[in-house]
Amino acid sequence: MTRVYLSIVIVALVLFACAKRPTIVDSVPVDSVVVSTPIDTSVVITKSVEHKTYQKVPLKISPIYYGVNAYKLTDGQLIQVARIAKKIKGNKVMVSGYADTTGKTSYNMALSRRRAMAVVEALVALGVDRNMITAVALGEVSGSLPKARKTVITIIP
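Under this note's numbering, the residue at position 66 of the sequence shown is numbered 462, and the numbers go up by one with no gaps.
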């Protein structure tokens, strides 16, 4: 019985080892493709290997969080903004200020504006072109209170 199993295993190994494997081609120049039947070129989608097109989407950078009623940047937050400034130079960015739901809505809107402007001023001081920055005050955000008190920087493609 073991001879039968051993024979099956040997035959399987020989067949798999000798089987023709498919050839993987990284890229084929468009000029070298030969088509034997006519193609309706209005429905053909071509893919260029040399020039890939990627969809541009906004990229959010880690938020800067604040304490209650705070908008001035601490030394740690200034270091965080300096790291962000290196990443965003030459790109358009949107700086969005938020506040939690504690207090009056009008106060929270003004606080979110001050938070956004504090980050804008820090970015400009670090060499980011003011014309590439859009500041937005979005006011109150529901949810976890510490996570709602923030400024978010988004790179706009």
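Using N, Cα and C, we set each Cβ at its ideal position, and we do this for glycine too.
In this structure, the CA atom of Val516 is about 8 Å from the CA atom of Arg526. Around the beta carbon of Arg545, a 10 Å sphere encloses 16 or more other beta carbons of the protein chains shown; the residue is thus reported as buried. Burial is judged here by how many other beta carbons sit within 10 angstroms of a residue's own beta carbon; Asn465 has fewer than 16 and is exposed. The three-state secondary structure of Pro459, taken from DSSP, is strand.
Annotation for Thr550: the continuous beta strand (DSSP E) segment containing it runs 546 to 552.
Beta-bridge analysis with DSSP links Ser492 to Val532, Val548. Annotated three-state conformation of Lys500 is coil, per DSSP. Look at Val515 here: in three-state DSSP terms it is helix. Secondary structure of Asp471 (DSSP, three-state): helix. Taking a contact to require three or more Cβ pairs closer than 8 Å, the stretch 498 to 508 and the stretch 483 to 490 do not qualify as touching. Assigned with DSSP and collapsed to three states, Leu507 falls in helix.
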